[in-house]
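What follows is a set of notes on a single structure, which appears directly below.
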Amino acid sequence: MMLHRAIECKFLLMMTVITCVYDAGKPCKNAHVALRGGVLNNKGSGMATIVRHRGVRIVALESGEQLAGVCGEGDIGILEDAQGWWVKFVGADGEVDCYGEPFPSYEQALWTAKAAAEFGV
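Sequential numbering of the sequence shown, starting at 78, is according to our numbering.
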């Protein structure tokens, strides 16, 4: 069973990379791949994408997911709405703080979240 999952994860990862490389030079939004519950999870698959950076969980929520239902203390959440991509920080007791303005793309929000993780947010 473990070998089967490992092969499946490797296949999905390779397909994601191939798709991104040959997509007519457009930036790939599915290149950020993470593991969730032992199963490969790509952005756009219907569940949050979780990336670990410097020990901090960065959670990119899918449409309709609630920050409180997916993120815990110390996590950074990335959410999209009509204005753009928001980077939100979850503190003790579910307190949420965020930057004052959204980012125009998922990639910019993710890199900002990774930069915040570098400082141990």
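For glycine and all other residues, C-beta sits at the position ideal for the given N, C-alpha and C.
- Message: So residue 137 and residue 145 are supposed to be a Cβ contact under 8 Å. How far apart are they, rounded?
- Response: That pair is no contact at about 16 Å.
- Query: When the Cα of residue 160 is compared with those of 179, 140 and 193, which residue comes out closest?
  - Reply: 179
- Environment of residue 152 [buried if 16+ CB atoms lie within 10 Å]: buried
- Task: List the DSSP bridge partners of residue 138.
- Result: The partner list for residue 138 (beta bridge, DSSP) is empty, contrary to what the question assumes.
- Query: From this set, 186, 141 and 196, which residue's C-alpha is nearest residue 177's C-alpha?
  - Reply: 186
- If you run the structure through DSSP and keep just helix, strand and coil, what is residue 132? coil
- Please report the Cβ distance between residue 135 and residue 192, rounded to the nearest whole angstrom; I am assuming they are in contact, meaning their Cβ atoms lie under 8 Å. With 8 Å as the limit, residue 135 and residue 192 do not qualify as a contact, their Cβ atoms being about 11 Å apart.
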